[in-house]
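Q: According to this note's numbering, the sequence shown holds residues 60 to 375 in order.
To start, I am sharing the structure in question, which I have written as structure tokens.
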Amino acid sequence: MAAVRFGDNLYKNLKNIIANLISFPLKELIRKHFPLLFVVVFLCVKLLVILKLLRVSNRFYYKDLLRFKEKKQEVVILGSGQTINELTESDYAAISERVSIALGRWIYKDFVPDIYILEANESEKMIIWLKDFCNLLLKRMSDYKNTIIIIDGAKGSKKIRNIVDEMLPVSIRKNIRFSITLKSPSGSTEVFSTFLRIILKSRIYRFYNVLLHCRSSTVMATLLGLYFRPNKIILAGVDGYAGYFASSDNARFHGDYGGLDKNYNYSLHSTANPEFGLPTVTDCIRVISEDVVPCEVTSEHTVLSKYLLICSFDQK
């Protein structure tokens, strides 16, 4: 009965409010079609509630776990460039106090990040890499027990999910998320800048199962870092000319699966070379730094050091 009385009162109140807000000629029209209008308003309110629930259910639940690190208001992106080897133990100690997002073959490194983005697809080479990653993760389960692992581009792939389910126990699988990728239109810096404004206004970046991609996983990780509302994003190992940590004499880290040598030279799709596509990663990071949140690099031996400040963790 209480629910019925509430509904009657709501009906009467809405009717009175609408009647007072509109001109007299429309009053009769509203009165005549009020039941239909009420249904429309009710459905709209219901839709808003559903959208709110969806937003809550799709948020980064581990944001609460990382809240103590958010006090630093800085996010560190751990890339695959050679300059990552310049970081010292004290640097890693400082990074551990901040939210860290690692990429690529980071599983080979000792430092354990808060978030690990792993790109995957169903190609033969990437399946080999995925299986190798799972084997490495098995050996380091205790280290990665609190790390959120996002397998990008794998949402909806039964093949990739089956590999993960078969190779990894539930205790570590609970940390794994499969994301879909929303790619920015390419062609110019202006296009990316417009895309960035749209995603910021729509707040799409707040959904954990959607990763925003443009040219490189580095840009994707940087955009993911916006979720934590930092006042600074620090790029470590984001060089723009090579990858997978080591110099060319260390093929274990440097080469792609399948023997590709794109990481030896400027043909790497994520470099600053405009010959291989626009906007370049340099363009994307500069737009983010200038328009959204300041970005810094950890080494002068990067393409971005010409445009961004160099961060020194020793000064923190």
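Note that beta-carbon positions come from the ideal geometry of N, C-alpha and C, so glycine has one too.
Given the structure is predicted, the values throughout are model-derived calculations rather than measurements.
(1) From what residue to what residue does the alpha helix (DSSP H) around lysine 291 run?
(2) Decide yes or no for the touch test of the stretch 131–143 against the stretch 286–296: beta carbon pairs closer than 8 Å, at least 3 of them.
(3) If you measure between the beta carbons of serine 230 and isoleucine 209, is that distance less than 7 Å?
(4) Excluding sequence positions up to five away, which residues of its chain have a Cβ less than 7 Å from the Cβ of leucine 146?
(5) Looking only at its chain, what residues have a beta carbon closer than 6 Å to the beta carbon of alanine 161, apart from the 5 residues adjacent to it on each side?
(6) When DSSP labels each residue in this structure, what does lysine 190 get in the three-state scheme?
(7) How should threonine 361 be labelled, buried or exposed, when 16 other C-beta atoms within 10 angstroms of its C-beta is the threshold for buried?
(8) If you draw a straight line from the C-alpha of methionine 378 to the C-alpha of leucine 102, how long is it?
(9) Measure the C-alpha to C-alpha separation of aspartate 202 and tryptophan 165 and round it to an integer number of angstroms.
(10) Secondary structure at serine 238, three-state DSSP: helix, strand or coil?
(11) Assign serine 275 to one of two classes, buried (16 or more other C-beta atoms within 10 Å of its C-beta) or exposed (fewer than that).
(12) Any idea which residues DSSP pairs leucine 271 with across the strands?
(13) Taking only three categories from DSSP, how would you classify tyrosine 264?
(14) Let me know if alanine 179 comes out buried or exposed under the rule of 16 or more other beta-carbons within 10 Å of its beta-carbon.
(15) Where does valine 352 fall in DSSP's three states?
(16) In or out: lysine 168 buried (at least 16 other Cβ within 10 Å) or exposed?
(17) Tell me the residue span of the alpha helix (DSSP H) that contains valine 134.
(18) Express the C-alpha separation of arginine 199 and alanine 152 in angstroms, rounding to a whole number.
(19) Would you tell me roughly how many angstroms separate the C-alpha atoms of glutamate 249 and leucine 259, rounded to the nearest one?
(20) Compare the Cα-Cα distances from serine 252 to each of Val346, Gln141, Lys217 and report the closest residue.
(21) Grab me the residues of histidine 272's own chain with a C-beta within less than 6 Å of its C-beta, minus the 5 sequence neighbours each way, in chain order.
(22) If you reduce the DSSP assignment to three classes, tell me which class serine 371 lands in.
(23) What span of residues does the beta strand (DSSP E) with alanine 161 cover, start to end?
(24) Ordered along the chain, which non-local residues of its own chain (more than five positions away) have a Cβ less than 6 Å from that of phenylalanine 170?
(25) Excluding the 5 residues flanking leucine 363 on each side, which residues of the same chain have their C-beta closer than 7 Å to its C-beta?
(26) Rounded to whole angstroms, what's the CA-CA distance from asparagine 205 to arginine 232? Just pull it up for me.
(27) So what does DSSP say about tyrosine 366, is it helix, strand or coil?
(28) Bridge partners for isoleucine 208 per DSSP, in chain order?
(29) Would you tell me roughly how many angstroms separate the C-alpha atoms of serine 247 and asparagine 234, rounded to the nearest one?
(30) Using alpha carbons as the reference points, say which of Ile257, Ser245, Arg256, Phe287 lies closest to phenylalanine 335.
(31) With 16 as the cutoff for other CB atoms within 10 Å, does valine 158 come out buried or exposed?
A: Reading from the atomic positions:
(1) Element bounds for lysine 291: not the alpha helix (DSSP H) but the beta strand (DSSP E), 291–295.
(2) yes
(3) no
(4) Ala295, Thr357
(5) Leu137, Pro172, Tyr175
(6) helix
(7) buried
(8) With the chain running from 60 to 375 in the structure shown, residue 378 is simply not present.
(9) 13 Å
(10) coil
(11) buried
(12) Leu241
(13) helix
(14) buried
(15) coil
(16) buried
(17) Unbroken run through valine 134 is the beta strand (DSSP E), 133–137; no alpha helix (DSSP H).
(18) 20 Å
(19) 15 Å
(20) Val346
(21) Thr240, Lys242, Met279
(22) coil
(23) 158–162
(24) Tyr151
(25) Leu294, Val297, Gly299, Thr341, Ile344, Val356
(26) 11 Å
(27) coil
(28) Tyr175, Ile235
(29) 36 Å
(30) Ser245
(31) buried
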